[in-house]
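Enquirer: This is the structure I want to talk about, given as structure tokens.
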Amino acid sequence: MTDQDGDLQQANRKWKIPLFCLLSHARSVFKMDGLGLEILKIAVPAAMALAADPIASLIDTAFIGHLGPVEIAAVGVSIAIFNQASKVTIFPLVSITTSFVAEENTVQRISDGEPKPDTSENGPGKTSETEELGPEDVNLENMEKGSSPSGAENDSKTTACKSPDVTPPGKCDMGRKFDKERRHIPSASTALIVGAMLGLLQTIVLMFAAKPLLHIMGVKSDSPMMNPAWRYLTLRSLGSPAVLLSLAMQGVFRGFKDTKTPLYATVAGDVTNIILDPIFIFVFRLGVSGAAIAHVVSQYLILVILWWRLMKLVVLLPPNRKHLQFNRFLKNGFLLLARVISATICVTLAASRAARLGPTPMAAFQVCLQVWLTSSLLADGLAVAGQAIIACAFAEKDYQKATNTATRVLQMSFILGLGLAVVVGIGLQFGDGIFSKDNDVLHIIGIGVPFVAATQPINSIAFVFDGVNFGASDFAYSAYSMVMVAVVSIAAIFVLSKTGGFIGIWVALTIFMGLRMFAGLWRMGTGTGPWRFLRGRPFP
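Note that UniProt numbering numbers the sequence shown so that position 177 is 177, with each residue one more than the last.
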């Protein structure tokens, strides 16, 4: 009996109702075994890297704020346009790249005969499954995975493929020339090409459509904000290729389960931005243009660091064009693009309905919304970890590890959400004076605090379910379910904002996140799609 058959039989015996698997080993959620350490090793640096940019942006905003209210307002509008343009391309690209690279790297490692990394629940230092098998079992396992039987010919080919000194041309799979570190990962090469093309396209669009876009955002031609906003946006757009390429490479590193390298590169870039800001803004007297230039320089520094590190891991140029995966990227990219647009519409619509209530409710809503969204960064770290590990587990056909990983990160997300609820609730209740001195604004913020705090567990689980489904390459379900969630949520926002005002908007956003969580729970909890093995049915 193969390990896969054993896993399927175990799942069939234990999980007649797959939903119950999410409750398994709940007492071991904080256990520092091999799986727990692997999750934290990926999640903590990922969360820190995600938090680094907002912190740097706050400092960036503080410098610009010394130029005057017109400048800070102009830059705020320009940043909103730039971030919105980037978001619709960044999220699909990074998510797809992480899953595809993790799958390809795992398959390639198996085909090369490399031992499976020991991240079992027994912890580091324990004997791996391969080491426990005898020679005949290892040979049988290799044959099941598509490897040829052991023998002199196979050994010589394996040695030739793994040694940088003995590399007969054409002898290795797909014509690869292997060494001990660099690999041919077609998804990585494809992601870099797609990232560069999207970055150049974004630069062209933002440069030539800057003024029309600013008009759409409410900045009129005779407004004093127009000139500084236009200068900042056009200069900032020059950094678009660096932003898209850097994030594509972050997706590649995540696929390798390496989130430390992106963290170091991001911190280096953000520190550079903070240092250059006062120099360009005040010493060189470039004003908002100086702030934009400092940001662009920092983005290209991040790009150079990641590129240099990636060159040591991956052969960036594929052997030929047929190994690129544009069709696969485009198909799944458009699915995730629909998902991003659906989610963005719901949040944007909620903000627009709050703006109709007047400047005071809008100011309070903006504070609550930013806290609400920023607190999700920690959950995103767990989502990244879950996606990378689950993608590798599916590629290895290790369905037991996929289940254990999904269960563990979801349980961690619930505990994290409870902790965030306490921190956010207390922080907003007693620290809201940081955001405003207006008593009316503070009063309305107090009304929103229960919603912002109470939804933290729901948000955390919903975001981590995204990573779980992406790890299983369930992009189609993720997209279609989000569209359905958005349809219901948009209707809820319209109706509840009219009847309930500020509270009604937050009730609608709670419904939105609750439906997102339910959509993720439904797929795995019912054992459908890639999770059908939880009901003892074979993986399609």
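Note that CB positions come from ideal geometry on N, CA and C, so glycine has one too.
Predicted, not measured: the structure shown is a model, and the values here were computed from it.
(1) Under a Cβ-count criterion, where at least 16 other Cβ atoms within 10 Å of its own Cβ denotes burial, should residue 296 be classed as buried or exposed?
(2) Indicate whether residue 367 and residue 445 have their beta-carbon atoms separated by less than 7 Å.
(3) To the nearest angstrom, how far is it from the Cα of residue 414 to the Cα of residue 359?
(4) At what residue ranges does the region 340-414 contain a whole run of the alpha helix (DSSP H), taking only runs of 4 or more?
(5) Confirm, please, whether the CB-CB distance from residue 505 to residue 353 is below 7 Å.
(6) Is it the case that the Cβ atoms of residue 104 and residue 187 are separated by a distance below 7 Å?
(7) What is the DSSP secondary structure of residue 101, counted as helix, strand or coil?
(8) From 199, 294, 513 and 273, pick the residue whose C-alpha is nearest to that of residue 343; which is it?
(9) Could you tell me which of 51, 80 and 392 sits nearest to residue 256, measuring between CA atoms?
(10) Could you give the distance in angstroms between the alpha-carbon of residue 60 and the alpha-carbon of residue 195?
(11) Using a threshold of 7 Å, state whether the C-beta atoms of residue 269 and residue 281 are closer than that.
(12) Taking contact to mean at least 3 C-beta pairs separated by less than 8 Å, is the region 476-487 in contact with the region 387-403?
(13) Note down the Cα distance separating residue 302 from residue 246, rounded to an integer number of angstroms.
(14) Could you tell me the alpha carbon to alpha carbon distance between residue 286 and residue 410, rounded to whole angstroms?
(15) With a threshold of 16 other CB atoms inside 10 Å of the CB of residue 434, please say whether the residue is buried or exposed.
(16) I'd like to confirm the pairing. Which residues does DSSP put opposite residue 183 in its beta bridges?
(17) If you follow the alpha helix (DSSP H) that residue 244 is part of, which residue opens it and which one closes it?
(18) What's the gap between the Cα of residue 314 and the Cα of residue 80?
(19) Within a Cβ cutoff of 7 Å, which residues of the same chain sit near residue 357, ignoring the five residues on either side of it in sequence?
(20) Taking 7 Å as the cut-off, decide whether the C-beta atoms of residue 97 and residue 252 are in contact.
(21) Short check: CB of residue 18 to CB of residue 386, under 7 Å?
(22) Roughly how many whole angstroms lie between the Cα atoms of residue 20 and residue 317?
(23) With C-beta atoms as the reference, is residue 376 less than 7 Å away from residue 424?
(24) Does the beta-carbon distance from residue 267 to residue 52 come in below 7 Å?
(25) So what does DSSP say about residue 484, is it helix, strand or coil?
(26) Let me know if residue 27 comes out buried or exposed under the rule of 16 or more other beta-carbons within 10 Å of its beta-carbon.
(27) Just mark residue 429 as buried or exposed, buried being the case when its beta carbon has 16 or more other beta carbons within 10 Å.
(28) Taking its Cβ as the centre, do 16 or more other Cβ atoms sit within 10 Å of residue 466, making it buried, or is it exposed?
(29) Let me make sure I understand the geometry here. Which of 244, 211, 515 and 242 has the alpha-carbon closest to that of residue 228?
(30) According to the neighbour-count rule (16 or more other Cβ atoms, all chains shown, within 10 Å of its Cβ), is residue 153 buried or exposed?
(31) Would you identify the three-state DSSP class for residue 207, choosing helix, strand or coil?
(32) Are there 16 or more other CB atoms within 10 angstroms of the CB of residue 491, so buried, or fewer, so exposed?
(33) For a test of your reading of the model: does the CB of residue 278 fall under 6 Å from any non-hydrogen atom of the ligand MN? Yes or no.
(34) Among the residues of its own chain, which have a CB less than 7 Å from the CB of residue 390, if the five just before and after it don't count?
(35) To the nearest angstrom, report how far apart residue 495 and residue 304 are at their CA atoms.
Expert: In terms of the structure at hand:
(1) buried
(2) yes
(3) 35 Å
(4) 359-374 and 377-395
(5) yes
(6) yes
(7) helix
(8) 513
(9) 392
(10) 26 Å
(11) no
(12) no
(13) 7 Å
(14) 48 Å
(15) exposed
(16) 314
(17) 240-255
(18) 35 Å
(19) 501 and 502
(20) yes
(21) no
(22) 46 Å
(23) no
(24) yes
(25) helix
(26) exposed
(27) exposed
(28) buried
(29) 211
(30) Reliability of the predicted coordinates at residue 153 is poor, the pLDDT of 40 falling under 50, and the value obtained from them is presented with this limitation in mind. Residue 153 comes out exposed.
(31) helix
(32) exposed
(33) Summarising the ligand content, the structure contains no ligands, and the ligand MN is consequently not present.
(34) 402, 405, 406, 468, 471 and 472
(35) 49 Å
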